[in-house]
Structures are given as structure tokens and as C-alpha cells.
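Structure record follows, encoded as C-alpha cells.
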Amino acid sequence: MLLLALLACLTACASSIIGVGGGFLYVPLLNLAASQPIEVSVGTSKLAVTLTAYIAAATYLRRGALRLKRALRPSAFTTAGSLAGVAFLHRVGGPPVKMMFVAASIAAYANMLRRPRGGEVRGYVAPPLFTLAGFLAGCTGLGGGFLYTPLLCSLAGMSVHEAAATSLAIIAVTSTAASIGHLGLGHVDLNYAAALLVGVCVGASIGPRASSRAGEGALRAALGVALLAASASMAYSVAVGAP
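Take 0 as the starting number for the sequence shown in numbering that gives the first Met the number 0 and just add one per residue.
The following block contains the structure:
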């Protein structure tokens, strides 16, 4: 449990800098290292993602780096998608969801390695993209920030740091709804959740304060490698028939 709390601290610290929730590490840890079923791994991870987002977003808000109003409209779409994802996980579960996790992690990896740039994205494209991101977050345990951050850079012309802060506000709203759904369906192990949350409380407070000094390119590359490792481990669990 102590090791889990330490890993949660490090993950929350790094994730809060670039605007993601950290579920890419929590889910495989719980599923493979702790032998928890994928449904419980996702649901328990979602609590940690939620707390990471709230603490980090509040810190960014106090520092004036968070555009809170910009987060409201996307949150409506991501929340709807996330609740659909929770229902999908409960109904399907098992290998299909694990393979979706692998696909989402690889997509996240691709986004981590590139710097989002401003550009023109048509307004009608945003709702389905945010809804899809919410769906993936709800059923795989990922926060969804790997899509929110580049979308905010493109749609709103935000800098990466501004988009990361706003992304965390969206994750906070979306993951709250998903966490309630997972709790209601019995997808949460409270003992493992407690260990994760202890680490998250520390790490998510440190990340935003370190964001201005962080080497963004190196951090994205490191998290990208972690995402590949997580997706490989999850693919392995499918191959060996882990729960």
C-alpha cells in the first residue's frame, strides 16, 4: 500500500502539470499488481483521477492560470460521454474494455509526444470529440486530458499550460459523475482507493507549482513512455487471461 501511495504521488504530480488524470498508470497497477478485476481497477482509479483534478485545478485557479468559464461547455459533453462509458464497462467489461484502454493509451502517447498548436477546428466538431473523450474516460479509467488539452489549444488558442489547467477542470467535473456511477455499481475497492488518495493529495498539490519550471518536452516524452508501458502491460493481461 505504501508503494502504491508513492506511485500515486509521483503520477499525480507529473499528470497535473500537463492536464491529465493519471489513470493510465493507476488502472494497470490495480489490475495487474493488485489482481483487481478491470471494472474495480477502473472505478478505483477514477476516484484518484477525480481528486487529482480537483486539487490541481484549485491550485491553478488560485494562480490565475485556469479559464474556468471555458471549461463549462465542454464538461457537459464529456460528462454525458463518461456516464455512457461507465454503463458500457458494467455491461461489457473484460477484454474489450482492456483493448480500448490499450488503444486510448496509444492515442494518448501520440499526443504526449507532440506540442499542441493553435489552429482552426470547426465548432461542430468539438461536441462529438469531447463526448468521445468522456466515453473513453468513463470506461477505461483514463482522465481524458490527453484529448482535452490539444482540443483546447486548437479551439480556444490556449497555451499548453492554460489548456492543461482548463483540462483539469473538465476532468474534475467529468470524473465526479463517473465516480458516482462506479460507486453505485460496486466498482470501487475502498482500501486501494485510500492508498491512492493519500499519494494524490501530495502529488497533485506539487505539480501545478512546478509547472512553470518543468521541462515540458521531456515530461511529455517520459509520460509517453509510461503510457506505452501501461498499454503493453494491459495487452499482456488480455493475452494471459487476467481478470
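Virtual Cβ for every residue (Gly too), placed ideally from N, Cα, C. None of the values given here were measured: they were computed from a predicted structure.
For residue i and residue j, what's the separation of their Cα atoms in angstroms?
i	j	result
G143	L128	11 Å
L182	Q35	15 Å
L227	S104	7 Å
G240	V91	16 Å
L50	A238	32 Å
Y59	A225	25 Å
L31	A57	32 Å
V149	L131	The sequence shown places Pro at residue 149, rather than the Val named in the question. Spanning the two alpha carbons is a distance of roughly 14 Å.
S204	G185	29 Å
V199	G63	22 Å
T175	L167	12 Å
G223	A109	8 Å
A220	P126	29 Å
V39	A163	27 Å
A47	L196	6 Å
H160	R61	14 Å
V26	V19	14 Å
L1	P95	31 Å
L28	G202	17 Å
L141	M99	11 Å
Tell me which same chain residues have a C-beta within less than 7 Å of the C-beta of residue i, skipping the five on either side of it?
i	result
T165	L65, R66, R69, A70, L151, M157
V101	S230, M233, A234
T173	S74, T77, T78, S81, G133, A136, G143
K97	I37, M233, S236, V237
I169	A70, P73, S74, T77, Y147
A171	T49, A52, Y53, A56
A33	Y191
For residue i, which residues of its own chain have a beta-carbon under 6 Å away from its beta-carbon, when the five flanking residues on both sides are left out?
i	result
T10	G21, L24
A107	F145, L226
V187	G42, T43, H181
V124	none
A177	K45, S81, V85, G137
Just checking my contact of residue i with residue j at CB under 8 Å: how many whole Å lie between their CB atoms?
i	j	result
I16	A209	6 Å
G93	I179	About 23 Å separates the two Cβ atoms, so there is no contact after all.
G206	A52	Their Cβ separation, rounded to whole angstroms, is 11 Å, which puts G206 and A52 out of contact at 8 Å.
Between residue i and chain B, is any beta-carbon pair separated by less than 8 Å?
i	result
Y235	Within the model displayed, chain B is absent; a lone protein chain is all it includes.
**Study point:** Three CB pairs or more closer than 8 Å across the segment 146-166 and the segment 184-196
**Key:** no
Point to revise | Touch test, the segment 134-143 against the segment 85-103, Cβ-Cβ under 8 Å, three pairs minimum | key: yes
Exercise for review: Specify whether the segment 36-44 and the segment 5-18 touch according to this definition: at least 3 beta carbon pairs, one from each stretch, less than 8 Å apart.
Suggested key: no
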